[in-house]
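Have a look at the structure below, then the notes.
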Amino acid sequence: MNARFVVDEIQAALEITRDPSGESSVDRKEVETKVRALFQSEEGKQARKNALRIKELALHTVSEKGSTYKNIQALVTRIRGTVLISS
1 MNARFVVDEI
11 QAALEITRDP
21 SGESSVDRKE
31 VETKVRALFQ
41 SEEGKQARKN
51 ALRIKELALH
61 TVSEKGSTYK
71 NIQALVTRIR
81 GTVLISS
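Under our numbering, think of the first position of the sequence shown as 1, with each following residue one higher.
Okay, structure coming up:
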């Protein structure tokens, strides 16, 4: 995932734009504004809700019932089978 995807597609963050003066990566006032928005605005509330949903999905995929867990188990089984065959 990259910042553009998190901001635009899954809407789990608010965009912080670079400082136009070029003096620093980001303007401290911009950071303050976005942090306040994250905790006080409807857009921020929705971003937090979406971020929590992504967290829940990620945790599910690594749980015993999740696809990531199952795929890793299948890979381990396959590797073990290959090692046993070549021994």
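Glycine is no exception: its CB is placed at the ideal position from the N, C-alpha and C atoms.
Small disclaimer: the values here were computed from a predicted structure and weren't measured.
Since residue i contacts residue j with CB under 8 Å, what's their CB separation in whole angstroms?
| i | j | result |
| --- | --- | --- |
| I79 | N50 | The Cβ separation is near 36 Å, so there is no contact. |
So, are the CB atoms of residue i and residue j less than 8 Å apart?
| i | j | result |
| --- | --- | --- |
| L38 | L14 | yes |
| A47 | A12 | yes |
What separation, rounded to the nearest whole angstrom, lies between the Cα atoms of residue i and residue j?
| i | j | result |
| --- | --- | --- |
| S21 | F5 | 26 Å |
| R18 | T33 | 13 Å |
| V31 | G44 | 13 Å |
| N71 | M1 | 20 Å |
| T77 | I54 | 29 Å |
| V26 | E56 | 30 Å |
| S63 | S41 | 33 Å |
Could you give the first and the last residue of the continuous alpha helix (DSSP H) run that contains residue i?
| i | result |
| --- | --- |
| G44 | 42-62 |
For the ligand COA, any of its heavy atoms closer than 7 Å to the Cβ of residue i?
| i | result |
| --- | --- |
| V7 | For the ligand COA, the structure offers nothing, since it holds no ligand at all. |
Please go through the same chain and pick out, in chain order, the residues whose beta-carbon is closer than 7 Å to the beta-carbon of residue i, but skip the five residues on each side of it.
| i | result |
| --- | --- |
| S67 | T61 |
Can you give me the Cβ contacts of residue i inside the same chain, cut-off strictly under 8 Å, excluding the 5 residues immediately before and after it?
| i | result |
| --- | --- |
| V7 | A13, L14, E15 |
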